[in-house]
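**Q** Going by UniProt numbering, the sequence shown opens with residue 1, and the numbers climb by one from there.
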Amino acid sequence: MPFSKKLVFLFILSALFGCGRKEADDSVGVAVVPTFFKLPAGGEVQLSADVFGTLDKGVIWQINGPGSINPATGLYRSDPNFDSNRPTATIQAVSQDDPSAIGFAAITMTSSSKSSSDPAVPVGSRSLVMGGYTVRAGQTIDLNGDSLLDMVSVSRSENLAVVFLGVGNGLFRKQAEIPLGDPSGVTVGDFVNSEAFIADLAIGSRDERAVKIISGEAGSPHVAFPVTVTTHLLPGGVAPSALAAGQFHGDVASRNSDLVVGTEEGSIILFLQDRSTNQFSPQPSIAVGGKVTQMVTADFNGDELLDLAVLREEAGDVLVFLGDGAGAFSGPVAVPFSSPPTSLAVGDLNGDSIIDMAAAHQASSQVSTSSGTGDGTFLPAVYLSVDFPPGAIVVEDFNLDRINETPTRPGNPMLDIAVTLPSLREILVLFGDGTGKFIGKFNHSTGATTPLTLISGFFLTGGFQSPQGFQSVSLVYLSETEDKFHLLNNISF
1 MPFSKKLVFL FILSALFGCG RKEADDSVGV AVVPTFFKLP AGGEVQLSAD
51 VFGTLDKGVI WQINGPGSIN PATGLYRSDP NFDSNRPTAT IQAVSQDDPS
101 AIGFAAITMT SSSKSSSDPA VPVGSRSLVM GGYTVRAGQT IDLNGDSLLD
151 MVSVSRSENL AVVFLGVGNG LFRKQAEIPL GDPSGVTVGD FVNSEAFIAD
201 LAIGSRDERA VKIISGEAGS PHVAFPVTVT THLLPGGVAP SALAAGQFHG
251 DVASRNSDLV VGTEEGSIIL FLQDRSTNQF SPQPSIAVGG KVTQMVTADF
301 NGDELLDLAV LREEAGDVLV FLGDGAGAFS GPVAVPFSSP PTSLAVGDLN
351 GDSIIDMAAA HQASSQVSTS SGTGDGTFLP AVYLSVDFPP GAIVVEDFNL
401 DRINETPTRP GNPMLDIAVT LPSLREILVL FGDGTGKFIG KFNHSTGATT
451 PLTLISGFFL TGGFQSPQGF QSVSLVYLSE TEDKFHLLNN ISF
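1. With H, G and I counted as helix, E and B as strand and the rest as coil, what does DSSP make of residue 235?
2. Assuming residue 444 is part of the beta strand (DSSP E), what are its boundary residues?
3. Give the straight-line distance between the Cα atoms of residue 21 and residue 28, rounded to the nearest whole angstrom.
4. Ends of the beta strand (DSSP E) at residue 92?
5. In terms of DSSP beta bridges, what is residue 245 paired with?
6. Whose C-alpha, out of 291, 183, 280 and 423, is nearest the C-alpha of residue 162?
7. At a cut of 8 Å, does the segment 168–176 reach the segment 205–213 through at least three beta carbon pairs?
8. Nearest to residue 399 by alpha carbon, out of 43, 90 and 427?
9. Check whether the Cβ atoms of residue 89 and residue 63 sit closer than 8 Å, and answer yes or no.
10. Opposite residue 451 in the DSSP bridges: which residues?
11. Among the residues of its own chain, which have a CB less than 7 Å from the CB of residue 227, if the five just before and after it don't count?
12. Determine, using beta-carbon pairs with one atom in the segment 92–107 and one in the segment 436–453, whether at least three such pairs fall under 8 Å.
13. Note down, in chain order, each residue of its chain lying with its Cβ closer than 7 Å to the Cβ of residue 83, except the 5 sequence neighbours on either side.
14. Count Cβ pairs between the segment 98–105 and the segment 125–133 that sit closer than 8 Å; are there 3 or more?
15. Just to confirm before moving on: does the CB-CB distance between residue 239 and residue 217 stay below 8 Å?
16. Sorted by chain position, which residues of the same chain lie with C-beta nearer than 8 Å to residue 474's C-beta, five sequence neighbours on each side aside?
17. Give me the Cα-Cα distance between residue 308 and residue 51, rounded to the nearest whole angstrom.
18. Taking the alpha carbon of residue 341 as the reference point, which residue from 118, 356, 318 and 326 has its own alpha carbon closest?
19. Could you check whether the segment 342–359 touches the segment 285–292, counting it as contact only if at least three pairs of C-beta atoms, one from each stretch, sit closer than 8 Å?
20. Could you tell me if residue 87 is buried or exposed, where buried requires 16 or more neighbouring beta carbons within 10 angstroms of its beta carbon?
21. Taking the beta carbon of residue 387 as the centre, do at least 16 other beta carbons fall within 10 Å, making it buried, or is it exposed?
22. Which of the three DSSP states is assigned to residue 389 in this structure?
23. Can you give the beta carbon distance from residue 494 to residue 306, rounded, assuming they're within the 8 Å contact cut?
24. Looking at the secondary structure, which residues open and close the beta strand (DSSP E) in which residue 103 lies?
25. Let's test the definition: count the other Cβ atoms within 10 Å of the Cβ of residue 320 and tell me whether it reaches 16, buried, or not, exposed.
26. Considering only the alpha carbon of each residue, which of 142, 347 and 231 lies closest to residue 220?
27. Cβ atoms of residue 390 and residue 435: under 8 Å apart, would you say?
28. Starting from residue 210, trace the beta strand (DSSP E) both ways and give me its first and last residue.
29. Helix, strand or coil for residue 490, going by three-state DSSP, please let me know.
30. So within the segment 170–202, which uninterrupted beta strand (DSSP E) runs reach at least 3 residues, ignoring any that extend past its ends?
31. To the nearest angstrom, how far is it from the Cα of residue 225 to the Cα of residue 165?
32. Are the CB atoms of residue 377 and residue 333 within a distance shorter than 8 Å?
33. Excluding the five sequence neighbours on either side, which residues of its own chain have a C-beta within less than 7 Å of the C-beta of residue 299, listed in chain order?
34. Could you have a look at residue 132 and say whether DSSP puts it in helix, strand or coil?
35. With a 10 Å radius around its C-beta and 16 neighbouring C-beta atoms as the bar for buried, classify residue 418 as buried or exposed.
36. On the DSSP bridge list, what partners appear for residue 361?
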């Protein structure tokens, strides 16, 4: 063989058999994702490792602290019982190529607990809403002006709405019963436009083809809530099926005093409030092609003006109407799904400061996420299968973690998704990593109770950041069999 060909042959052998060989001065590193995570007792999270500087032969997962981890896959499971003396587990990902190369992560346990409402809700209650909301400054607006969130339940079979005033620490007192003719749809806003920041109720009545406005009133949660009702008939004799409140005209920094009514006949009607007289002016109805079952307000296109997402019975898409800030909508933009969405929630799921969608799909036993693009449109939905058909869905930072703030990325909460699984009698929480992926979960058994409506909020005294030094968030679900509501509280110290 000529000498030049021998050199080529030796070069090829060297490339084949020397590739991936780690020299003494090569550095090997391991990075674990996520490096820090909060997890309720009994939850699980999937960790991953990136090995660099060599051929990735994988890692062996090790743990020091509470819980267990699969040494091959990195699936961590926390202890079912919270131990305040051992709240944190240290995870190590050890490179199989170089055992001195180790990646680290820390997982801190949070304490979850269940509490129940002492006062019963009316028999046949199928709807539960939070009697208040939080404005941009962080102030809580509630029905009696004490900065404690309240609750309202609605029973169609009893033709009744009940007001439960919050007294703190997740406790409530039943302080008003409001008779209604076939109630449908409830929302909270500043519909009376009083000088004090106090929330009011709007409840639809199918029998009367009207919306009832119940004025909020400052006072103690330990005394009866005074009920003052104003009736607004719907044009054309249509029946209300869903309600939403927001700021759809005038000063965008003003209160949530406009009202949107979705109808059984397949339309939406925007009622604009005259700030000086508190009178509502109905705008021309907009056909949406089916009975409206839910409406969600948010700024979907980043212009600081409120928009509207409309869910319709058995429809295969969600309609997004973009508000112009002057009491009119453009669109709609249709957001399609492979299976009809049955419940809808919104929030920034991937940390880009653009509102995204999360939807429950009963027929396909799936949960979907649709990333917003910032112009009112959405990327194709990504689907996650769940064990049983999901019911209600909410978006919330249930495990109380946040993205670290950087010059290009805001320090937003890493939002999670929670759904009811009525046939399984469970609440399922899917934990987000802040990039749109869901890497952990937590299953809460509701026992003999079938969970219905699901809402979230800061109900324990002190709210999100309490003077006692803890953070807290609660998921509230209505019990179909016990005629009461329950709070699933998560606390991080």
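Cβ coordinates follow ideal geometry from the N, Cα and C atoms, glycine included.
As the structure is a computational prediction, the values presented were derived from the model and not from experiment.
**A** Result, derived from the coordinates:
1. helix
2. 438–445
3. With a pLDDT of 42 at residue 21, under the threshold of 50, the modelled position of this residue cannot be trusted, and the question is left open.
4. 88–95
5. DSSP lists 259 as partners of residue 245.
6. 183
7. no
8. 43
9. Going by beta carbons, residue 89 and residue 63 fall inside the 8 Å limit.
10. 479
11. 176, 178 and 214
12. Taking 8 Å as the limit for Cβ pairs, the verdict is that the segment 436–453 does not touch the segment 92–107.
13. 66
14. Taking 8 Å as the limit for Cβ pairs, the verdict is that the segment 125–133 does not touch the segment 98–105.
15. no
16. 170, 456, 457, 458, 459, 460, 487, 488, 489 and 490
17. 45 Å
18. 318
19. no
20. buried
21. exposed
22. Residue 389 carries a coil assignment under DSSP once its states are collapsed to helix, strand and coil.
23. Residue 494 lies beyond the stretch modelled for the chain, which goes from 1 to 493, so this question has no answer here.
24. 102–116
25. The residue in question, residue 320, is buried, as its Cβ has 16 or more Cβ neighbours within 10 Å.
26. 142
27. no
28. Looking at the DSSP string, the run of the beta strand (DSSP E) that includes residue 210 is 210–214.
29. strand
30. 171–179 and 183–189
31. 8 Å
32. yes
33. 305, 306, 307 and 355
34. strand
35. Per the 10 Å Cβ criterion, buried.
36. 366
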